[in-house]
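K.L.:
This is the structure I want to talk about, given as structure tokens.
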Amino acid sequence: MTTPCRSCNPLRCAYRALRSTLSACALLAVLLACAGASARPEVSLDGTWDFRFASDDRGDTEQWYKSGEFDRSIAVPGVWNAQGVGSETPILRHSAVGVGWYRRAFDLPDEWHGKRVWLRIGAAYHSSRVWLNGQSVTKCIGYSLSHRLDLTPYI
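Per the working numbering, the very first residue in the sequence shown carries number 985; after that it's consecutive.
Next comes the structure, spelled out in structure tokens:
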């Protein structure tokens, strides 16, 4: 145990030492997690996605997750209002309130077959629903929160 300095309270010195130790442990944990995460293979789904917008929930009733016309492309990550979806307003470039449907086809790398496959969503405004191969995977509600989903049972 370190000897407290004369200019401060012994409890304050103990608190500072504990706080420094906890900070160092937290930093080590983050570094270890980052080191492990970088070794995991990834496929980025950033880029151009098919997109369709509806002001209501007709995409659910018409099962757009199984098929359907997607009439435009959109950049992901990105905000649809900043990409011309909705009507122009004096405040925003465009303003659209409703449901945006995104679709993207991708190939699973051969070496991933038989392994756990996760989808990480960096952020989604308000909520997200995910379908894979026509099957509902999940519905997440959480303003702009990052979340990950286990896709293994749906592949």
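Backbone N, C-alpha and C define an ideal beta-carbon position, used for all residues, glycine too.
1) On the CB-based measure, 16 or more other CB atoms within 10 Å of its CB, does W1033 come out buried or exposed?
2) Just to confirm the assignment, what range does the alpha helix (DSSP H) spanning T1045 have?
3) With distance defined between alpha-carbon atoms, name the residue in D1041, P1061, L1076 and F1090 nearest to A1107.
4) With distance defined between alpha-carbon atoms, name the residue in L1129, W1115 and H1110 nearest to S1051.
5) Would you mind listing the beta strand (DSSP E) stretches within the region 1059-1131 that are 3+ residues and don't spill past its ends, in chain order?
6) Cα separation between G1070 and D1030?
7) Measure the alpha-carbon distance for R1100 versus V1121 and round it to whole angstroms.
8) With burial defined as no fewer than 16 other Cβ atoms inside 10 Å of the residue's Cβ, what is the status of G1126: buried or exposed?
9) Taking the Cβ atom as the reference point for each residue, do S1058 and Q1067 lie within a distance shorter than 7 Å?
P.N.:
Answer, in terms of the structure:
1) buried
2) R1042 to T1045
3) P1061
4) W1115
5) 1083-1087, 1102-1105, 1111-1116 and 1119-1125
6) 22 Å
7) So the two alpha carbons sit approximately 14 Å from each other.
8) exposed
9) The amino acid at residue 1058 is misidentified as Ser; the sequence shows Ile. Yes. Within cutoff.
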